[in-house]
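Undergrad: Please see the structure below; I have some questions.
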Amino acid sequence: MASLKARKDEGNPDDGIRLLELPEEPTGRGFRMIIITPQQVQWLKDFSRRGISIDDTHNATRYDLKLATVMVMNERDAGVPAGRAPTWASFSNKDAVMDTTMISERWHLRLKTEFLHRNANTRADCLVDLLIKAVEEISQSDEIKVRRRLATSSYRKQQTTKCHRRARRQLASFRLMRQMNDNKWEIYKEHSGELYTVEQHKDCECSDSPEENVHCPLCLVCPYAWSCTCTDNRAGISCIHRHAIMLATQRANRRTAESIQEELQEQGDHGEVVLPSSSAEVSGAQERSEQRSQLRSSINMKISVMQANVNALVNTDTEEAMELLTAINELVSEASRIGLTAIKGIAARPELTHVGGKPKLTRVQLYTRHQSRVTRSAQSHGRPDSDSED
C-alpha cells in the first residue's frame, strides 16, 4: 500500500489515478482506488454514447479486494476498458450494442489469463501497474489492426457474413416477402411456417469506412438500423431475414433500373439513367464474384474426380488404360492453355496450391538387388563369399 501511495503522490497524469483511499482495517475495508487514464477518457468521450457496461471480479490480488471495470464498445463493437446497462437481453432492445456484461467478463478473463497468468497472489501495486500498461497495449494493438487491415475481420463481421451466405442459400424457401410500407416488410418461411417482421427503424449512423463499422461486407445491411422479430438476434449481428430482405430489395432495384434502361432505349433517349439504389452496381459485382467462386469449386471437384480416375488407370495394365490416359493428357493440356494472360514463371506443384499445402517428396520405385554389397566387395578383392557353398 505504501508503493501505491507513493505513486499517487508522484502525480503522473499518464497514470490516471483519480482517487486513492487506503484501507481502514487489515481486512481491506475502506480501500478505494479509481484509475482513468487519458486514453480511457478519450474512449469515454468517443464511445460512451453507445452504452457502457460495468462489472467486477475477485481474486485479482492476494487481498480480499474486488476489481470493477467500466467497458465501452468502439466503432467495431470491440470492448475496451474505459474505467449498468439498463436492459440485459439484447433481443428486447433494438439499439443494444452488447449482450449483458459479456464484454466485461471477456476483459476480466483476458486480464487474469494473459496479463496475470492465472496468478491470484499478485501484489496490489503490481496489479495497478498492469492495468495502466494494459490500456496502452490495447490502444497500440488496435492501431496495428487498422494499419494491417485486420479490423475488417472482426468476429461480428464474420458471423454477419455467414448469415448472409445462409440467407442467399435459403432465399428460395422464403415464399412470401410483402412490403408493408417504405421501411417495413413481412417475410414468411415455408419450412418453419413462421412469419417475421423486418423493419428499418432508423437511418444508419455508423461510419462509412468498412474498418469502422460492422455492416455486412456483401449487402451492407446495418445491424443497428434494421430489426427483426425472430429470436436469432444478437448485438451487432444481422439475422438471415434482414439479409434476405436486403437481397430481394437490391434485386428489385436492379430489375427496375433495367426496365428504365430498356424503356429509354425504345424511346430513343440515350440520356443518363438515375439508378434507384447506389448499391445495385456493387451487389452485381458481388454476385458475379460468387458465381466465379462457385465455378471454381465445380472445376476443383471435377479435377478431384479426374485425379481419382487417373490413379485407377495408372494401376491398370491394359492398352485401354493407356489410351484413356493419353486422351486425358491431351484434354488437360488443351485446358491449361486457356487463360487471360500467360502465367509468369513456373506453376507450383498441385499440393502447394491448396491452403495449408505442404511439400511432398516424390516416391521413387525401389528395385531388389541381386547381390549384396558385401558379396560384390568380396568378389572384387578375389576373396570367396562366406555364403557360398564349399
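Under UniProt numbering, the first residue of the sequence shown carries the number 1, and numbering increases by one thereafter.
Glycine residues also receive a C-beta, built at the ideal position from the N, C-alpha and C atoms.
What did DSSP end up calling Val305 once you bin it into helix, strand or coil?
TA: As a first step, residue 305 is located in the sequence shown; it is residue number 305 there, counting from the start. The answer is helix: DSSP assigns Val305 an H, G or I state.
Undergrad: Per the contact definition of three or more C-beta pairs closer than 8 Å, is the stretch 157-172 in contact with the stretch 210-226?
TA: As far as the Cβ criterion goes, the stretch 210-226 touches the stretch 157-172, which means the pair count is three or higher.
Undergrad: For Thr229, which residues from the same chain have a beta carbon less than 6 Å from its beta carbon, with the 5 sequence-adjacent residues on both sides left out?
TA: Along the sequence shown, read from residue 1 onward, the residue named residue 229 stands at position 229. For Thr229, where only same-chain residues beyond five positions count, the Cβ hits under 6 Å are Tyr196 and Thr197.
Undergrad: In whole angstroms, what separates the C-alpha of Arg185 from that of Met73?
TA: As a working note, residue 185 is residue 185 in the sequence shown. As a working note, residue 73 is residue 73 in the sequence shown. Contrary to the premise, residue 185 reads as Trp rather than Arg in this sequence. So the two alpha carbons sit approximately 30 Å from each other.
Undergrad: Any idea if Gly236 is buried or exposed, counting beta-carbon neighbours within 10 angstroms, 16 or more meaning buried?
TA: Mapped onto the sequence shown, residue 236 falls at position 236. Buried, because 16 or more other Cβ atoms sit within 10 Å of the Cβ of Gly236.
Undergrad: Which one of Asp15, Pro38, Gln39 and Ala2 has the shortest CA to CA distance from Glu21?
TA: Counting from one through the sequence shown, the residue named residue 21 turns up at place 21. Nearest of Asp15, Pro38, Gln39 and Ala2 to Glu21, Cα basis: Ala2.
Undergrad: Since I believe Cys239 is in contact with Asp232 (beta carbons under 8 Å), could you give me their beta-carbon distance rounded to a whole number of angstroms?
TA: Counting from 1 along the sequence shown, the entry for residue 232 is found at position 232. Counting from 1 along the sequence shown, the entry for residue 239 is found at position 239. Correct: roughly 5 Å between the Cβ atoms.
Undergrad: In this structure, does DSSP put Val72 in helix, strand or coil?
TA: Position 72 of the sequence shown, counted from the first residue, corresponds to residue 72. Correct three-state label for Val72: strand.
Undergrad: Excluding the 5 residues preceding and the 5 following Lys8 in the sequence, name in chain order all residues of the same chain whose CB lies nearer than 7 Å to its CB.
TA: By 1-based counting over the sequence shown, the position of residue 8 is 8. Hits under 7 Å: Ile17 and Leu20.
Undergrad: In terms of residue numbering, what span does the beta strand (DSSP E) encompassing Cys228 cover?
TA: Looking up residue 228 in the sequence shown gives position 228. Trp226 to Cys228 is the extent of the beta strand (DSSP E) around Cys228.
Undergrad: Pairing CB atoms from the stretch 36-52 with CB atoms from the stretch 106-117, are three or more of them under 8 Å?
TA: No, the stretch 36-52 is not in contact with the stretch 106-117.
Undergrad: Take Thr37 and list the residues in its own chain whose beta-carbon comes closer than 6 Å to its own, dropping the five residues that flank it on each side.
TA: In the sequence shown, the residue the question calls residue 37 occupies position 37. The residues are Gly16 and Val135.
Undergrad: Excluding sequence positions up to five away, which residues of its chain have a Cβ less than 8 Å from the Cβ of Ser278?
TA: Here residue 278 refers to the residue found at position 278 of the sequence shown. Only weak support is given to the placement of Ser278: the predicted model assigns it a pLDDT of 40, under 50, and the value that follows is read from those uncertain coordinates. Within the same chain, Ser278 has no close Cβ partners at all.
Undergrad: Enumerate in chain order the residues of its own chain whose CB-to-CB distance from Met246 is below 6 Å, with the five nearest sequence positions on each side excluded.
TA: For the purposes of this step, residue 246 is identified with residue 246 of the sequence shown, where counting begins at 1. Closer than 6 Å at the Cβ level, and outside the excluded window around Met246, lie Cys219 and Val221.
Undergrad: Looking only at its chain, what residues have a beta carbon closer than 7 Å to the beta carbon of Leu131, apart from the 5 residues adjacent to it on each side?
TA: Residue mapping note: residue 131 aligns to position 131 of the sequence shown, counting from 1. Excluding sequence neighbours, Leu131 sits near Ile35.
Undergrad: Pick helix, strand or coil for Gln179, following the three-state DSSP scheme.
TA: For this step, residue 179 is matched to residue 179 along the sequence shown. Gln179: strand per DSSP, three-state reduction.
Undergrad: Go to Ile328, then tell me how far its alpha helix (DSSP H) extends in each direction, as first and last residue.
TA: Numbered from 1 along the sequence shown, position 328 holds the residue referred to as residue 328. Counting along the chain, the alpha helix (DSSP H) containing Ile328 begins and ends at Glu319 to Ser336.
Undergrad: To the nearest angstrom, report how far apart Tyr155 and His243 are at their CA atoms.
TA: In the sequence shown, counting from the first residue as 1, residue 155 sits at position 155. In the sequence shown, counting from the first residue as 1, residue 243 sits at position 243. Cα-Cα distance, rounded: 18 Å.
Undergrad: Out of Val305, Asp203, Gln294 and Leu176, which one is the CA nearest neighbour of His241?
TA: Locating residue 241 in the sequence shown gives position 241, counting from the first residue. His241 has its Cα closest to that of Leu176, out of Val305, Asp203, Gln294 and Leu176.
Undergrad: For Leu171, which option in Phe115, Ala248 and Arg50 has the closest C-alpha, if you only look at C-alpha atoms?
TA: Counting from one through the sequence shown, the residue named residue 171 turns up at place 171. Minimum Cα distance to Leu171 is reached at Ala248.
Undergrad: Restricting to Cα atoms, I'd like to know which of Ala335, Glu205, Asn309 and Ala167 is closest to Ile187.
TA: Working through the sequence shown from its first residue, we reach residue 187 at position 187. Here the closest residue by C-alpha is Ala167.
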